[in-house]
Amino acid sequence: MRRIYLLSLSLLSALLMITSCDEDEEDSHTTYTSDAMLTWSGDYAVDGCGFILTIGDEQYKPTNEQDISSYYKTDTPTPVEALIIDYRKKGQIGCGLSVTKMNLVKVVSLRKL
365 MRRIYLLSLS
375 LLSALLMITS
385 CDEDEEDSHT
395 TYTSDAMLTW
405 SGDYAVDGCG
415 FILTIGDEQY
425 KPTNEQDISS
435 YYKTDTPTPV
445 EALIIDYRKK
455 GQIGCGLSVT
465 KMNLVKVVSL
475 RKL
């Protein structure tokens, strides 16, 4: 029971952190297309971290990962061409019982390479 409580609290905290962006800061973003690797790290309910987009050496957390097709939920990273909106800021993401800072982006479209 305690594990379920901690997991629920971690997930709620992560969702609040992701969605607590200031509206005024959305003006400082960049939109671009890039080749990337899309990794499915597992469901939050089983200590996963959802989708992670890697471009070069940088990791990005999609703020709209619920819009990404389940087609990309694979055991191996998927090479994609991604059109993203980069908010140029980091957010605290709850992965399992830990909290990680990642760059926040919105995925506009994906195309498997």
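Residues 365 to 477 in the numbering used here are what the sequence shown lists, from first letter to last.
Every residue, glycine too, gets a C-beta built ideally from N, C-alpha and C.
Given the structure is predicted, the values throughout are model-derived calculations rather than measurements.
Are residue i and residue j closer than 9 Å when you measure CB to CB?
| i | j | result |
| --- | --- | --- |
| I448 | T403 | no |
| L474 | Y451 | no |
| D421 | G414 | no |
| T427 | K470 | yes |
| I457 | K425 | yes |
Let me know if residue i comes out buried or exposed under the rule of 16 or more other beta-carbons within 10 Å of its beta-carbon.
| i | result |
| --- | --- |
| A400 | buried |
| V472 | exposed |
| V463 | exposed |
Just checking my contact of residue i with residue j at CB under 8 Å: how many whole Å lie between their CB atoms?
| i | j | result |
| --- | --- | --- |
| K465 | T442 | Wrong, their Cβ atoms sit about 24 Å apart, outside the cutoff. |
| I416 | S405 | 6 Å |
What would DSSP say about residue i, mapped onto helix, strand or coil?
| i | result |
| --- | --- |
| D431 | helix |
Under 9 Å between C-beta atoms, does residue i make it to chain B?
| i | result |
| --- | --- |
| A400 | Here there is only one protein chain, and chain B is not present. |
CA-CA distance, residue i and residue j?
| i | j | result |
| --- | --- | --- |
| E445 | Q423 | 15 Å |
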